[in-house]
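Chains A and B supply the protein sequences, listed in that same order.
Residue numbering for the first sequence follows my numbering, starting at 87 and increasing by one per position.
Residue numbering for the second sequence follows my numbering, starting at 4 and increasing by one per position.
Here the structure comes first, spelled out in structure tokens, and everything after it is commentary.
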Amino acid sequence: MSGTLLLAQTLNGLQYGVLLFLLAAGLTLVFGIMSFVNLAHGSLYMMGAYSAAVAREATGSFAIAVLAAAGVALVLGMVLELAVVSRLYRRDHLDHVLATFGLVLFFNELVRMVWGPQPYFVQVPELLSGTVDLFGFTYPSYRFAIIAAGLLVAGGSYLLIHKTRVGMLIRAGAQNPQMVGALGVNIRLLNALLFGLGAMLAGLAGAVAGPILSVQSGMGEPVLITTLVVIVIGGIGSVSGAFYAALIVGLVDTLGRAFLPMMLRQVAERPIADAAGPALASMSVYFLMAIVLAFRPQGLFPIKQG
Amino acid sequence: MKNANALRPSTLVPLLVFAGLAAVPLVATAMDQPFYIAFFGRIVIYAIAASALNLALGYGGLVSFGHALFLGLGGYAVAMPSFMNIGDGWIHLVLCLVASGVTALITGLISLRTSGIAFIMITLAFAQMGYFLFVSLKNFGGDDGIPVTFTSRFGPVDLGSPMTVYVVSLVVLMLTTWWLARLRVSPFGMTLRGAQQNARRINAIGLNALRYQLAAYVLSGMLCAVAGMLLANLNAYVSPSTLSWTVSGELIVMVVLGGIGSVFAPLLGALVFLGLEELLKAFTEHWMAIFGPLIVLMALAGKRGIVGLLQRLDQPPPAAARGVESVHVKGEAG
């Protein structure tokens, strides 16, 4: 295996990891703070991707498309929170699973009704359609931009949570929501805001992923399930855990797919390796999760309580 | 006393449903509508799978979001030997039980180290693992699935015709329902249900709650695999989509719709779920856009399900006894 291939795949892994982080950040906060299982997070990602595709077609501007996706997802997230989710906080997880499962079915069908079953392809923005030259090795600049944007969001959310008043309330709400409510903070509004913020990040991820993946009904579920793996590995409720775990999962998945079949071919016969390689590669992140849970059920970077 | 119990709506209705299901082959043959055999066969088989889930979810409180894994394992336990020209049903059955039992034991041991949200996630992850495993097995059809050419043959009974599958499935469902009704009130079932409410107390009285939960999970997985085996024979076809996460979700919806934890819930849930699906499909191709919000409403309404509604009819209201209740009161007196 050559060095440039390894470098390219590592960058691909980072880019995937950053995308996963955008989804995981909102989801882990909702999990950790409201203790709510949100399967519809993938639908918000999908709605973000479609909003971006439509806005892009109407205006031709990628920046407007990204803003539209974030806006639509934010509003949709807050509406969902007020209409459905907030009524379920006190119920057990089974009700959460049921309600959000119903929402997933609804959104997938809605998208199929409005935009049809065929996938939508979104062009890479003009400005970022070139490649970047790195010591004689080229890499698409759009993917670089995703990595940069993701790191920026990660930094921003760190600052938001640790340095601002809203962040302080979020952290306080995670530890003792009744006390925060008793101190005169509108905890319902805070929850809606938090849910909307997570939804916005998911929409953003959808908009950014549009040009590399195909935008279609049901696109949210595979990525949602990988995001759940990220959250469990990182430790439920921990944003920094989600960040590290997202990068780990992104790298393991991408490098596994690229190199596992190749490596197996060296130790096993070709037909066996060709059959087992892709199977093992697509299962690698789930193996990782099973191993982590078997040894550290609370995740690798659990949130510190008290 | 026993007679009076059987006449309660919450028992009477499921018994009538069973009677109706038993009449399906006769009616379908008389009407020359073989479609009904396949349709109700699916309902019966899903009711078995939902019964299996009810053992883990309803009795044990284990929110498994990965039971499609076992359904799929059962299916491939038929399809893979059939692909190699083995049609002996006993081999299929042994393979099905061993594969699902071992898988459930390993995944259960790991999953039960966690609880709450993490348990839901990890069972989902294991099911996804199975899904991708079968997608990547290109020799066995991969994404497209494989037809079952050699259906399970148990001596003279060949599960090749839908009618035979239907009859066998109905018998399996009846036995399952009877067994689970017995299990529910047995010491095992009581301990399991006790552990759902408070595992620490179960441990404190000297029982190992984890062991009971694991046993329930393994039994549940094996039973679900039997349903998968029957489904593969009914469809004469297996694909990885049987293992997709939506199937796990649908099974949960069936159990909750029926009335989680009660004996007849899986049957009623599967009947209403698949019946409603078929009705909405006739009405619009975008039936899921109606079905999804219905599930949301069901979750918002709480989860006593259909059995809960029927139980409400069991108690006669104090003053005005309407038609249904007066029949019921008469029954109890007699």
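Idealized CB from N, CA, C, for every residue including glycine.
Inter-residue spacing [alpha-carbon to alpha-carbon] between residue i and residue j
{"i": "A:THR312", "j": "A:ALA331", "result": "11 Å"}
{"i": "A:VAL338", "j": "A:TYR372", "result": "10 Å"}
{"i": "B:LEU313", "j": "B:SER13", "result": "5 Å"}
{"i": "B:VAL151", "j": "A:GLN264", "result": "58 Å"}
{"i": "B:MET232", "j": "B:VAL221", "result": "17 Å"}
{"i": "B:LEU355", "j": "B:PHE86", "result": "What is shown of chain B runs 4 to 337, which leaves residue 355 of chain B out entirely."}
{"i": "A:GLY111", "j": "B:THR287", "result": "Note on residue identity: the sequence assigns Ala, not Gly, to residue 111 of chain A. C-alpha separation (whole angstroms): 38 Å."}
{"i": "A:MET375", "j": "A:LEU350", "result": "22 Å"}
{"i": "A:VAL266", "j": "A:ALA260", "result": "9 Å"}
{"i": "B:MET193", "j": "A:ASN98", "result": "52 Å"}
{"i": "A:ILE150", "j": "A:GLU355", "result": "52 Å"}
{"i": "B:GLY308", "j": "B:ALA198", "result": "22 Å"}
{"i": "B:ILE311", "j": "B:LEU58", "result": "Note that residue 311 of chain B is Gly in the sequence shown here, rather than Ile. In a straight line, the C-alpha of B:GLY311 is about 18 Å away from that of B:LEU58."}
{"i": "A:GLU195", "j": "A:THR217", "result": "37 Å"}
{"i": "B:LEU217", "j": "B:LEU283", "result": "38 Å"}
{"i": "A:ARG198", "j": "A:GLY304", "result": "9 Å"}
{"i": "A:THR90", "j": "A:GLY323", "result": "37 Å"}
{"i": "A:LEU93", "j": "A:LEU220", "result": "10 Å"}
{"i": "B:PHE157", "j": "B:PHE143", "result": "24 Å"}
Partner residues on chain B for residue i, Cβ-Cβ distance less than 8 Å
{"i": "A:MET199", "result": "HIS289, ALA292"}
{"i": "A:ARG251", "result": "Ordered by position in chain B, no residue passes the 8 Å Cβ test against A:ARG251, which lies about 29 Å from the chain."}
Residues that residue i contacts on chain A, provided the C-beta gap is smaller than 8 Å
{"i": "B:ALA55", "result": "Going along chain A, no residue has its Cβ under 8 Å from B:ALA55, so there is no contact; the nearest lies around 17 Å."}
{"i": "B:TRP248", "result": "GLU307, ILE311"}
{"i": "B:GLN131", "result": "ILE311, TYR372"}
{"i": "B:ALA128", "result": "ILE311, LEU314, VAL315, VAL318, TYR372, MET375, ALA376"}
Cβ neighbour criterion (16 or more within 10 Å) applied to residue i
{"i": "A:ASN272", "result": "exposed"}
{"i": "A:GLN209", "result": "exposed"}
{"i": "B:ARG315", "result": "exposed"}
{"i": "A:ASP397", "result": "In the structure as shown, chain A starts at 87 and stops at 392, and residue 397 of chain A therefore has no counterpart that could be examined."}
{"i": "A:TYR206", "result": "buried"}
{"i": "B:VAL160", "result": "exposed"}
{"i": "B:ALA285", "result": "exposed"}
{"i": "A:PHE381", "result": "exposed"}
{"i": "A:ILE377", "result": "exposed"}
{"i": "B:GLY111", "result": "buried"}
{"i": "B:ALA82", "result": "buried"}
{"i": "B:GLN200", "result": "exposed"}
{"i": "A:ILE389", "result": "buried"}
{"i": "A:HIS248", "result": "exposed"}
{"i": "A:SER215", "result": "exposed"}
{"i": "B:ALA55", "result": "buried"}
{"i": "B:LEU294", "result": "In the sequence on display, residue 294 of chain B carries Phe and not Leu. Its Cβ being crowded by 16 or more others within 10 Å, B:PHE294 is buried."}
Cross-chain neighbours of residue i in chain B, by beta carbon under 7 Å
{"i": "A:SER368", "result": "PHE135, SER139"}
{"i": "A:PRO383", "result": "ARG116, THR117, ALA121"}
{"i": "A:PHE117", "result": "ILE120"}
Contact list for residue i against chain A, beta-carbon separation under 7 Å
{"i": "B:GLY252", "result": "PHE187"}
{"i": "B:MET124", "result": "LEU314, VAL318"}
{"i": "B:ALA340", "result": "For chain B, the structure presents residues 4 to 337; residue 340 of chain B sits outside this window and is missing."}
beta-carbon residue i near the ligand MG non-hydrogen atom, thresh 6 Å
{"i": "A:VAL239", "result": "By its list of ligands, the structure shown contains no ligand whatsoever, and the ligand MG lies outside what it can speak to."}
Cross-chain neighbours of residue i in chain B, by beta carbon under 9 Å
{"i": "A:ASP181", "result": "VAL259, ALA302, LEU303, GLY305, LYS306"}
{"i": "A:VAL170", "result": "VAL299, ALA302, LEU303"}
Beta-carbon neighbours of residue i, restricted to chain A and to distances below 9 Å
{"i": "B:VAL256", "result": "LEU184, PHE187, GLY188"}
Report the residues of the stretch 321-333 of chain A with a CB closer than 7 Å to any CB of chain B, ordered along the chain.
-> ILE322
In the stretch 296-318 of chain B, which residues sit with their C-beta less than 9 Å from some C-beta in chain A, listed in chain order?
-> PRO296, LEU297, ILE298, VAL299, LEU300, MET301, ALA302, LEU303, GLY305, LYS306
Closer than 7 Å, Cβ to any Cβ of chain A: which residues of the stretch 87-121 of chain B, in chain order?
-> ILE113, ARG116, THR117, GLY119, ILE120, ALA121
Which of the residues in the stretch 142-157 of chain B, read from start to end, lie with their CB under 8 Å from any CB of chain A?
-> ASN142
Return the residues of the stretch 58-70 of chain B that lie within a Cβ-Cβ distance of less than 7 Å from chain A, sorted by chain order.
-> VAL66, PHE68
Using a beta-carbon distance cut-off of less than 9 Å, what residues from the stretch 186-203 of chain B approach chain A?
-> none
Could you name the residues of the stretch 345-368 of chain A whose beta carbon sits closer than 7 Å to any beta carbon of chain B, in the order they occur along the chain?
-> ALA361, PRO364, ALA365, SER368
Could you give the uninterrupted runs of the alpha helix (DSSP H) lying entirely in the stretch 177-240 of chain B, keeping only those of 4 residues or more?
-> 190-200, 202-207, 212-238
Scan the stretch 193-217 of chain A for residues whose Cβ lies nearer than 8 Å to a Cβ of chain B and list them as they occur along the chain.
-> PHE193, ASN194, GLU195, LEU196, ARG198, MET199
At 4 residues or longer, and completely inside the stretch 51-122 of chain B: list those alpha helix (DSSP H) runs for me, N to C.
-> 71-86, 92-114
Residues within the stretch 225-240 of chain A neighbouring chain B, beta-carbon criterion of under 9 Å = none
Complete alpha helix (DSSP H) runs within the stretch 249-317 of chain A (minimum length 4 residues, chain order) | 251-261, 263-268, 273-295
Using a beta-carbon distance cut-off of less than 9 Å, what residues from the stretch 272-294 of chain A approach chain B?
-> none
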